[in-house]
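Structure representation (structure tokens):
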């Protein structure tokens, strides 16, 4: 047990300092420390809380924007379709149109950790993981960027067996 001395201000001369005793585990770390903070990531700028921050900024001013952000949150929560998550992120970016820049920047950085892309030049070639590009307006642009990393054949075309997919990185 760790002893912590606590003195409160009082006008009465009879009030003496009180001694509070706290268990050691709560004295060194607050009970409400989020898991992300323990891993070296800011808990307010990583995970669904990042999206919640944007939702709080939007408030009730724009129902369509709120619906778009909520749809993204639901897709991420389900973790079933990474491409749909990226497509919804692109829709949200288009609807924001430069508003709430800092909040959306945090969401993009979180999505870069959450999602990735994998590509393969052919069916018998293993998948290679790539970072999620953040400068795309649509999922097909990201797919083309990913496939462009593979060499073309003698006619300047990609192999017909070239594949690309979105995956959850975490």
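Residue numbers (this note's numbering): 156 to 325. Just so you know, even glycine gets a beta-carbon here, dropped at the ideal spot from N, CA and C.
Cβ shell of residue 241 (< 8 Å), same chain only, five flanking positions each side left out: Along the chain shown, read from residue 1 onward, the residue named residue 241 stands at position 86. For residue 241, where only same-chain residues beyond five positions count, the Cβ hits under 8 Å are 266, 270, 287, 294, 297, 321.
Cα-Cα separation, residue 282 to residue 202: Within the chain shown, the letter at position 127 stands for residue 282. Within the chain shown, the letter at position 47 stands for residue 202. Going from the Cα of residue 282 to the Cα of residue 202 covers about 26 Å.
Where residue 314 and residue 261 are concerned, what is the direct C-alpha to C-alpha distance, given to the nearest angstrom? As a first step, residue 314 is located in the chain shown; it is residue number 159 there, counting from the start. As a first step, residue 261 is located in the chain shown; it is residue number 106 there, counting from the start. Their backbone Cα atoms lie some 36 Å apart in a straight line.
According to DSSP, simplified to helix, strand and coil, what is residue 270? As a first step, residue 270 must be located in the chain shown, where it is residue number 115. Three-state DSSP puts residue 270 in a strand.
Could you give the distance in angstroms between the alpha-carbon of residue 220 and the alpha-carbon of residue 268? Numbered from 1 along the chain shown, position 65 holds the residue referred to as residue 220. Numbered from 1 along the chain shown, position 113 holds the residue referred to as residue 268. Distance between the alpha carbons of residue 220 and residue 268 is about 23 Å.
Which of the three DSSP states is assigned to residue 284 in this structure? For the purposes of this step, residue 284 is identified with residue 129 of the chain shown, where counting begins at 1. DSSP places residue 284 in strand when its eight states are reduced to three.
What is the DSSP secondary structure of residue 246, reduced to helix, strand or coil? To locate residue 246, count along the chain shown from 1; it is residue 91. In the displayed model, residue 246 falls within a helix according to three-state DSSP.
Once DSSP output is grouped into helix, strand and coil, what is the label at residue 278? For the purposes of this step, residue 278 is taken as residue 123 along the chain shown, with counting starting at 1. Of the three classes helix, strand and coil, the one that applies to residue 278 here is coil, per DSSP.
Residues bridged to residue 320 [DSSP beta-bridge criterion]: Position 165 of the chain shown, counted from the first residue, corresponds to residue 320. Per DSSP, 273.
Pick out whichever of 206, 319, 323, 274 has its Cα sitting closest to the Cα of residue 263. The sequence position of residue 263 within the chain shown is 108, counting from 1. Here the closest residue by C-alpha is 206.
Under three-state DSSP, which class holds residue 296? Here residue 296 refers to the residue found at position 141 of the chain shown. If DSSP states are grouped into helix, strand and coil, residue 296 belongs with the helices.
Taking residue 228 as part of the alpha helix (DSSP H), name the residues at either end of that continuous run. The residue labelled residue 228 in the question sits at position 73 within the chain shown. Looking at the DSSP string, the run of the alpha helix (DSSP H) that includes residue 228 is 218 to 233.
Beta-carbon within less than 7 Å of residue 289's beta-carbon, same chain only, minus the 5 sequence neighbours each way: which residues are those? For the purposes of this step, residue 289 is taken as residue 134 along the chain shown, with counting starting at 1. Same-chain partners within the cutoff: 263, 267.
Close Cβ partners of residue 217 (< 7 Å) along its chain, the five nearest in sequence each way excluded: Locating residue 217 in the chain shown gives position 62, counting from the first residue. Answer for residue 217: no residue qualifies.
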